[in-house]
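J.: Heads up, the sequence shown is in my numbering, so the first residue is 18 and it goes up one at a time. Don't be surprised by glycine CBs; every beta carbon is placed ideally from N, CA and C. Please read all numbers here as calculations on a predicted model, not as lab measurements. Have a look at this one before I ask anything.
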Amino acid sequence: MADGAAIAWSENEIGELTAKVAALKASMSRVIIGQEDVIDSLIICLLAGGHALVEGVPGLGKTLLVKSLSQATELDFHRVQFTPDLMPSDIVGTEILEEDHATRKREFRFQQGPVFTQVLLADEINRAPPKTQSALLEAMQERSVTFAGQTHKLPRPFFVLATQNPIEQAGTYPLPEAQLDRFLLRIDVVYPTEEEEIRMVSATTHAGLKDAEPVMDVATLLRLQQLVRDIEIGDHLVAYATRLVRATRPALTTVPAVKKHIGWGAGPRAGQALVLASKARALMHGRLAVTREDIAEMLLPVLAHRVLRNFEAEADGIAIADILQALREHIRPD
Numbered sequence: 018m019a020d021g022a023a024i025a026w027s028e029n030e031i032g033e034l035t036a037k038v039a040a041l042k043a044s045m046s047r048v049i050i051g052q053e054d055v056i057d058s059l060i061i062c063l064l065a066g067g068h069a070l071v072e073g074v075p076g077l078g079k080t081l082l083v084k085s086l087s088q089a090t091e092l093d094f095h096r097v098q099f100t101p102d103l104m105p106s107d108i109v110g111t112e113i114l115e116e117d118h119a120t121r122k123r124e125f126r127f128q129q130g131p132v133f134t135q136v137l138l139a140d141e142i143n144r145a146p147p148k149t150q151s152a153l154l155e156a157m158q159e160r161s162v163t164f165a166g167q168t169h170k171l172p173r174p175f176f177v178l179a180t181q182n183p184i185e186q187a188g189t190y191p192l193p194e195a196q197l198d199r200f201l202l203r204i205d206v207v208y209p210t211e212e213e214e215i216r217m218v219s220a221t222t223h224a225g226l227k228d229a230e231p232v233m234d235v236a237t238l239l240r241l242q243q244l245v246r247d248i249e250i251g252d253h254l255v256a257y258a259t260r261l262v263r264a265t266r267p268a269l270t271t272v273p274a275v276k277k278h279i280g281w282g283a284g285p286r287a288g289q290a291l292v293l294a295s296k297a298r299a300l301m302h303g304r305l306a307v308t309r310e311d312i313a314e315m316l317l318p319v320l321a322h323r324v325l326r327n328f329e330a331e332a333d334g335i336a337i338a339d340i341l342q343a344l345r346e347h348i349r350p351d
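Below you can see the structure in the form of structure tokens.
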């Protein structure tokens, strides 16, 4: 730990906090069958204080994943089902006219929307048009909502988990790039293995499906988020993460796959996200310092939604994962 961090954190407290992280993963794993990498990524996102974009076809348990997280952390939870007719006021809230029965005086009162919670599940976010999607922008970035000139602070912690179906699915709208950049990680939920699917079918067709056991309170989570910020990372690894991000920009890169297949690279926020997510991964694995492996493992979920393929890459079916793999092999730390 850094010198300032050594004063703030005792060895006992660090041990207790890391044990809570392990308990959180175990609690969620009792509800979610398989998907270990997805659970890890979701917890990393929570520890880093960022938002998660969870993508996968319907029926893979994305909603259950988010619900189990809120149960295990004892956080307030609201769910919004995004539809083509959903309005921004349905998310952030609106003003209503109230009358005092004693004085007969009328005045407007702001009625909070579902965004005023600690865990917000924006279910199938890409089924709503961009105007409604953008209603989350200020909330996600500033942790506040401005309505009629008044700023309303959101609870702490505030964590948006948005699920979306692949764009190829009918009736979906691509998320605006500005909103995509607000998500710390994009987490892909894939089909389970045959063994996992058999266990899933068996578990969900019996009575009494269990909830996740509460193992972490809000104060502990906020303390963990502070600890993540104090995780050590060497200057050479910060430079490595920055070079990886800069190498996604076609005008600057020396990576042939990027020059050929990327139309728009990642901005500076991606570098911040890569370092922060790497710190959270280090803590989750019981380490108090970031390694090169942490940065390499977080590269895809951090950059997958921030790097846009060009027409040639889409026409040839070149996946973002393949391009980022080439990037990782080409750019080496000092």
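I'd like the ranges of any alpha helix (DSSP H) spanning at least 4 consecutive residues and lying wholly in the region 210-245.
T.: Here the runs fully enclosed are 211-221.
J.: Let me check one thing: in DSSP terms, what residues is Val97 bridge-paired to?
T.: Its beta-bridge partners are Ala139.
J.: What does the alpha-carbon distance come out to for the pair Ala332 and Val74?
T.: Ala332 and Val74: Cα-Cα distance of roughly 22 Å.
J.: Select from Thr265, Ala297, Glu212, Asp205 the residue whose C-alpha is nearest the C-alpha of Arg240.
T.: Of the candidates Thr265, Ala297, Glu212, Asp205, the one whose C-alpha sits nearest the C-alpha of Arg240 is Ala297.
J.: Compute the distance between the beta-carbons of Glu91 and Pro231, then report whether it is under 8 Å.
T.: Going by C-beta atoms, Glu91 is nearer than 8 Å to Pro231.
J.: Below 8 Å between beta carbons: does that hold for Arg216 and Ile49?
T.: No, these two residues do not count as a Cβ contact at 8 Å.
J.: Use the C-beta contact count for Phe328: other C-beta atoms within 10 angstroms, 16 or more gives buried, fewer gives exposed.
T.: Result: exposed.
J.: Within this structure, are the beta carbons of Ile348 and Ala306 separated by less than 8 Å?
T.: Taking 8 Å as the Cβ cut-off, Ile348 and Ala306 do not qualify as a contacting pair.
J.: Output the distance between the C-alpha atoms of Glu155 and Gly78, rounded to the nearest integer angstrom.
T.: Near 28 Å, if we compare the C-alpha coordinates of Gly78 and Glu155.
J.: Between Arg266 and Asp351, what straight-line distance do the alpha-carbon atoms span, to the nearest angstrom?
T.: If I take the Cα positions, the gap works out to 20 Å.
J.: Helix, strand or coil, according to DSSP, for His278 in the structure here?
T.: Residue state, collapsed to three classes: helix.
J.: Does Lys170 pass the burial test, meaning 16 or more other C-beta atoms within 10 Å, or should it be called exposed?
T.: Per the 10 Å Cβ criterion, exposed.
J.: Could you tell me the alpha carbon to alpha carbon distance between Asp117 and Leu81, rounded to whole angstroms?
T.: Roughly 42 Å between the two C-alpha positions.
J.: Whose C-alpha, out of Glu53, Ile337, Pro131, Arg47, is nearest the C-alpha of Ser85?
T.: Taking only the C-alpha atoms, the option nearest Ser85 is Arg47.
J.: Give me the Cα-Cα distance between Glu214 and Glu112, rounded to the nearest whole angstrom.
T.: Rounded to whole angstroms, Glu214 to Glu112 spans 47 Å at the Cα level.
J.: Would you check if the distance between the CB atom of Met355 and the CB atom of Asp57 is smaller than 8 Å?
T.: The shown model of the chain, from 18 to 351, leaves out residue 355, and the question about it has no answer.
J.: On a CA-only basis, which of Ala258, Val97, Leu192, Asp205 is nearest Leu293? Give me that one, please.
T.: The residue with the shortest Cα to Cα distance from Leu293 is Ala258.
J.: With a CB to CB cut of under 7 Å and the five nearest residues on each side skipped, what residues in its chain are close to Ala69?
T.: Correct list, in chain order: Leu59, Cys62, Leu178, Phe200, Leu201, Leu202, Ile204.
J.: Quick check for students: name the residue ranges of the beta strand (DSSP E) that lie wholly in the region 275-350, counting only runs of 3 or more.
T.: Here the runs fully enclosed are 279-281.
J.: For Val275 versus Ile340, is the C-beta spacing smaller than 8 Å?
T.: The answer is yes: Cβ separation under 8 Å.
J.: If distances are taken between C-alpha atoms only, which option among Leu64, Arg309, Pro183 comes closest to Glu346?
T.: For the residues Leu64, Arg309, Pro183, the minimum Cα distance to Glu346 belongs to Arg309.
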